[in-house]
Amino acid sequence: MVKQRCQWVTDDPVYITYHDHEWGVPQYDARKLFEMICLEGAQAGLSWITILKRRENYRQAFDHFDPLKISKYSNQKIEALIQDKGIIRNRRKINAFVKNAQSFLQVEQELGDFSSYMWSFVGGEQIVNHWETHEQVPAYTTESEQMSKDLKRRGFQFVGPTICYAFMQATGMVNDHTKDCFLSKSR
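Sequential numbering from 1 applies to the sequence shown in this note's numbering.
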């Protein structure tokens with residue numbers, strides 16, 4: 001019997017694995033949250049599968065998303081990244097990773113924990129939605145708008161409300177598995 005998945009999932013094994021084991025699963029590790037906010041920003045204007053298939057390349061290129069190391073990238077390092085065919089070679093997006101790393105460190109210094117800060121936008125608990133169809137799932141919410149506004153205020157880049165909502169879904173702050181999906185909490 002074939003498992004019923006959310007409508008956006010293709011038959012690509014990378015997408016299936018991501019959907020079945022990661023999307024909508026609560027993530028509390030600050031470094032993984034940092035990785036996902038950067039990768040969601042890298043996805044702007046592209047399909048998520050484009051980034052997902054390059055995720056291991058991103059991890060190698062960006063020191064496994066170590067914010068301290070990324071925050072200190074030199075112009076020489078950035079130029080080398082722009083030549084890296086394993087990632088999306090967009091100067092603005094690469095520079096955003098550096099700025100986001102610096103902003104991440106500021107959040108940790110000011111508030112103590114990036115994970116708690118990010119989860120505060122959903123009151124510290126996963127929001128479980130009960131959508132019948134993929135078409136009902138919003139592109140952004142009040143919570144993602146608040147997250148976006150605050151992240152921008154703190155210097156983060158490529159963090160609009162739609163990107164923030166995709167981040168919230170990806171990291172399990174929101175569970176948007178539709179009712180027909182085998183992972184739905186509405187079944």
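We put the CB at the ideal spot given by N, CA and C, even for glycine.
Please read these numbers as outputs of a predicted model, since none were measured by experiment.
Bridge-paired residues (DSSP) for residue i
i	result
N175	V128
For residue i, the first and last residue of its enclosing alpha helix (DSSP H)
i	result
C164	161-170
Q60	55-61
L81	75-82
I51	48-52
N95	91-111
M118	114-119
E145	142-153
I70	67-71
A42	30-42
For residue j and residue i, the rounded distance between their alpha carbons
i	j	result
L105	D12	36 Å
H134	K99	34 Å
W23	S74	33 Å
A101	I49	24 Å
G123	M173	10 Å
I87	Q60	10 Å
N129	F167	16 Å
V2	E132	19 Å
F121	F182	27 Å
K85	T142	37 Å
F114	I163	18 Å
F158	K93	8 Å
R5	N57	27 Å
Q126	Y165	13 Å
Status (buried if at least 16 other CB within 10 Å, exposed otherwise) for residue i
i	result
N175	buried
L52	buried
P67	buried
Q43	buried
P26	exposed
T171	buried
S103	buried
I82	exposed
L46	exposed
G41	buried
S116	exposed
Subject >> Segments assigned alpha helix (DSSP H), at least 4 residues, entirely inside the region 5-32 >> reply: 13-21
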